[in-house]
Amino acid sequence: MTLSPPGPAGDPIADLSALLGQLAGDPSDTPPPATPPAVEPAEAEPVYRNVEAFVGDYLAHVVERRLASGPDSGLNWCPRWWAHPEAISRLYALWRAWETLRVSDPQTGMSIWWRDHLDPHLTALAAEYGPFTRCRPDKHTEPRPLPVEPAPPEVLAQLPDATGA
7 MTLSPPGPAG
17 DPIADLSALL
27 GQLAGDPSDT
37 PPPATPPAVE
47 PAEAEPVYRN
57 VEAFVGDYLA
67 HVVERRLASG
77 PDSGLNWCPR
87 WWAHPEAISR
97 LYALWRAWET
107 LRVSDPQTGM
117 SIWWRDHLDP
127 HLTALAAEYG
137 PFTRCRPDKH
147 TEPRPLPVEP
157 APPEVLAQLP
167 DATGA
């Protein structure tokens, strides 16, 4: 808190009252801040309205990879990417990171996006054991969820967020 110096009139009682009012937090005796508070910038509108537009209108046009076809090596890609839960999650994350970095770091954000976001996600999607492994540009194979068995209650009870139910 910044206290105002005594006024030019030099009235000691008025000056003391004003000083005590400032110390007590009386808004009428508190001087205005030296600089106005920073105004939060309005959130930038996304370039792409959703992940589908991002994949179809941007990603499909800027990623240049040889696509796998039969025994030939290349990128495993599925034209029905939206039918793979992992792909939806990863591509959604890529879209949001792209939208954020283009605004927050216009100088190097896109380089960071390629290096830290696209390359690892695309590698995971197209990997030998990734969600697109059984797909080809002209063929979609339905995803198979991982097999899961229910966890025993005594195991879940050991976790920090166990509710005891």
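The sequence shown begins at 7 in our numbering and counts up one residue at a time. Built from N, CA and C at the ideal position, the CB exists for glycine as well.
Looking at the DSSP output, Leu81 bridges to Leu73. Judged by beta-carbon spacing, Glu92 lies beyond the 9 angstroms limit of Val53, meaning their Cβ atoms are not closer than that value. In terms of Cβ geometry, Leu73 and Leu65 do not form a close pair [threshold 9 angstroms].
The beta carbon of Arg86 is closer than 8 angstroms to those of Cys141, His146 in its chain, skipping five residues each way along the sequence. Here His127 is buried. Its C-beta has 16 or more other C-beta atoms within 10 Å. Sequence-distant partners of His123 (beyond 5 residues in either direction) whose C-beta falls short of 6 angstroms from its own C-beta, in its chain, are Leu100, Ala103. The residue from Trp88, Asp111, Ala59 with its alpha-carbon nearest to that of Glu148 is Trp88.
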